[in-house]
Structure formats: structure tokens, C-alpha cells
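**Q** Let me give you the structure first, and then I'll get to my questions.
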Amino acid sequence: MSVITDQTIAQFVDVVSGQNHAMAGATIAASAAQATALGLACVQISQNALQVKGLPYLEQIQRLDTIKDALLRLCDQDATAIADFVALREAGKSLDGQRLLCRIPVDVCRFCVETAVTLQKFRPNVYERVHDDMEMSICLLAGAAQAALLLLDSNLRIWPQSDLLAEFEPVVEQLGQEIAQLTSVRRIRI
């Protein structure tokens with residue numbers, strides 16, 4: 009079977025809705041990749057429209073493109089994570105499978121926060137015609153970060169083993185604080 013991100017959006021939606029298990033992680037990662045792509049487009053459009061040369065734009069563009077690709081890989085990884093978890097459990101490595109299902113939302117959340125912070129810092133440089141679109145990207149990223157954090161918290165509720173809690177509970181607290189620092193706008197027309 010091909011990787012989930014090779015499918016059209018319509019096919020992806022059909023796969024998610026037709027599974028016998030919820031594909032929350034893959035859905036969140038795909039949403040985060042799309043939000044990152046929107047933010048990336050806003051930075052690139054700003055650079056082109058304002059005819060800006062120089063490293064700050066180039067570095068931001070390269071980093072956002074790297075994050076977008078990483079989120080797509082996490083989407084593919086999460087799409088097969090349940091099968092990987094089952095295989096690890098059957099091999100007597102349940103904790104490894106549980107860690108896998110906890111690490112993916114952590115990575116997704118971190119990428120969302122990093123991208124949103126990058127776009128927030130870019131606000132003074134954004135081209136006016138894509139200003140609103142960038143704000144929508146930040147809002148989508150904040151929502152995806154929160155959803156990824158909820159997925160991690162859900163996994164820790166399902167698997168309350170002390171090893172997992174010791175490893176990931178501090179991460180939940182840290183990422184929760186980072187998400188709280190995001191400043192997505194409530195209204196476009198002020």
C-alpha cells in the first residue's frame with residue numbers, strides 16, 4: 009500500500025473515515041502540514057512581493073519547508089503506527105509501541121509551535137495581501153498543536169505506566185506552556 013500522503017485529500021478523508029480505529033495522529037499531522045504550507049506560502053509571497061533579498065527570508069523559507077516535509081513523514085508514520093504498535097506488543101515490546109504512539113504527537117506539537125512562533129515573529133515583514141492568510145495559518149497551527157497535545161494526554165490516560173508518565177508528563181506541561189504563549193488573533197477586522 010502506498011503511503012497515506014500520496015493519496016488525494018478525498019482519498020485520505022475516505023481512509024480516515026473508513027478505518028476501524030481512529031486516525032487522530034495522522035489527521036492532526038496532515039492538518040499541521042497544510043497549515044505550515046499556508047504559512048510558508050505567505051513568507052514566500054512576501055519575499056517576492058517586497059523583492060527582499062537576504063538570509064532571514066531564505067532561512068525561514070528553508071526551515072518551514074523542512075518542517076512541512078517532516079510533518080508529512082509523521083503523518084505517514086502515524087498512519088501505520090497502530091500496526092507497528094501491535095507488532096511490537098506481540099514481540100513483547102509493548103512499552104516501545106506505546107512510546108512510539110506518544111512520540112509522534114510530541115513531534116507534531118513541537119513542529120506546530122515552532123512554525124507558529126516563526127510566523128508570529130514574521131508579522132512585521134508580511135506582505136499586506138497575505139497578512140490575513142498568515143494569521144489563519146497561525147490559528148490552524150495553534151489548534152493542531154493543542155490537538156496533538158490532547159492526543160498525547162489521551163495516550164497517557166490509556167497507558168498510565170510510570171515509565172511513560174515520567175518521560176512524557178513533563179513534556180505535556182512544557183508544550184502546554186509553549187502553546188499558551190502563541191498569539192493567534194481572534195478577529196481580522198479590528
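Read left to right, the sequence shown gives residues 9 to 198 (the numbering used here). Glycine is no exception: its CB is placed at the ideal position from the N, C-alpha and C atoms. Owing to the predicted nature of the structure, the values given are computational and were not obtained by experimental measurement.
Excluding sequence positions up to five away, which residues of its chain have a Cβ less than 7 angstroms from the Cβ of S54?
**A** Along the sequence shown, read from residue 1 onward, the residue named residue 54 stands at position 46. For S54, where only same-chain residues beyond five positions count, the Cβ hits under 7 angstroms are N133, V134, Y135 and V138.
**Q** Taking the Cβ atom as the reference point for each residue, do L46 and D73 lie within a distance shorter than 9 angstroms?
**A** Working through the sequence shown from its first residue, we reach residue 46 at position 38. Working through the sequence shown from its first residue, we reach residue 73 at position 65. No, the pair does not count as a contact, with Cβ atoms beyond the cut-off.
**Q** Sorted by chain position, which residues of the same chain lie with C-beta nearer than 8 angstroms to V60's C-beta, five sequence neighbours on each side aside?
**A** Here residue 60 corresponds to residue number 52 of the sequence shown, with the count starting at 1. Cβ within range, chain order: S54 and N133.
**Q** Ends of the alpha helix (DSSP H) at S54?
**A** Against the sequence shown, residue 54 aligns to sequence position 46. A32 to A57 is the span of the alpha helix (DSSP H), which, as asked, contains S54.
**Q** State the Cα-Cα distance for the pair I90 and Q128, rounded to the nearest angstrom.
**A** Here residue 90 corresponds to residue number 82 of the sequence shown, with the count starting at 1. Here residue 128 corresponds to residue number 120 of the sequence shown, with the count starting at 1. Distance between the alpha carbons of I90 and Q128 is about 35 angstroms.
**Q** Buried or exposed: where does I196 fall if 16 or more other Cβ atoms within 10 Å of its Cβ makes it buried?
**A** Here residue 196 corresponds to residue number 188 of the sequence shown, with the count starting at 1. Classification for I196: exposed.
**Q** Let me confirm a value: G33 is counted as buried when at least 16 other C-beta atoms fall within 10 Å, else exposed. Which label applies?
**A** Counted from its first residue, the sequence shown places residue 33 at position 25. That one is buried.
**Q** Since Q106 is in the alpha helix (DSSP H), which residue starts that stretch and which ends it?
**A** For this step, residue 106 is matched to residue 98 along the sequence shown. Where Q106 is concerned, the enclosing alpha helix (DSSP H) stretches over S102 to F130.
**Q** Could you check how far apart the C-beta atoms of V121 and L164 are, in whole angstroms? I think they sit under 8 angstroms.
**A** One-based indexing of the sequence shown puts residue 121 at position 113. One-based indexing of the sequence shown puts residue 164 at position 156. 19 angstroms between Cβ atoms; not a contact.
**Q** Please classify L149 as buried or exposed, where buried requires at least 16 neighbouring CB atoms within 10 angstroms.
**A** Position 141 of the sequence shown, counted from the start, is the residue given in the question as residue 149. Answer is buried; the Cβ neighbour count reaches 16.
**Q** Between the alpha carbons of M9 and L159, how many angstroms are there, rounded?
**A** Residue mapping note: residue 9 aligns to position 1 of the sequence shown, counting from 1. Residue mapping note: residue 159 aligns to position 151 of the sequence shown, counting from 1. Only weak support is given to the placement of M9: the predicted model assigns it a pLDDT of 41, under 50, and the value that follows is read from those uncertain coordinates. Answer to the nearest angstrom: the Cα atoms are 26 angstroms apart.
**Q** Let me make sure I understand the geometry here. Which of Q27, V24, F93 and Q154 has the alpha-carbon closest to that of Q185?
**A** Position 177 of the sequence shown holds residue 185. The option with the nearest alpha carbon to Q185 is Q154.
**Q** Could you give the DSSP three-state label for Q19: helix, strand or coil?
**A** For this step, residue 19 is matched to residue 11 along the sequence shown. Correct three-state label for Q19: helix.
**Q** Within 8 angstroms, do at least three Cβ pairs link the region 172 to 188 to the region 107 to 127?
**A** Counting Cβ pairs under 8 angstroms, three or more are found: they touch.
**Q** Where does P178 sit, in a helix, a strand or coil, going by DSSP?
**A** The residue you call residue 178 lines up with position 170 of the sequence shown. Of the three classes helix, strand and coil, the one that applies to P178 here is helix, per DSSP.
**Q** When the Cα atoms are used, what is the spatial distance from T35 to D171?
**A** Taking the first residue of the sequence shown as 1, we reach residue 35 at position 27. Taking the first residue of the sequence shown as 1, we reach residue 171 at position 163. Cα-Cα distance, rounded: 27 angstroms.
**Q** Is the distance from the Cβ of Q58 to the Cβ of V114 below 9 angstroms?
**A** The residue you call residue 58 lines up with position 50 of the sequence shown. The residue you call residue 114 lines up with position 106 of the sequence shown. Note on residue identity: the sequence assigns Leu, not Gln, to residue 58. For L58 and V114, no; Cβs fall outside 9 angstroms.
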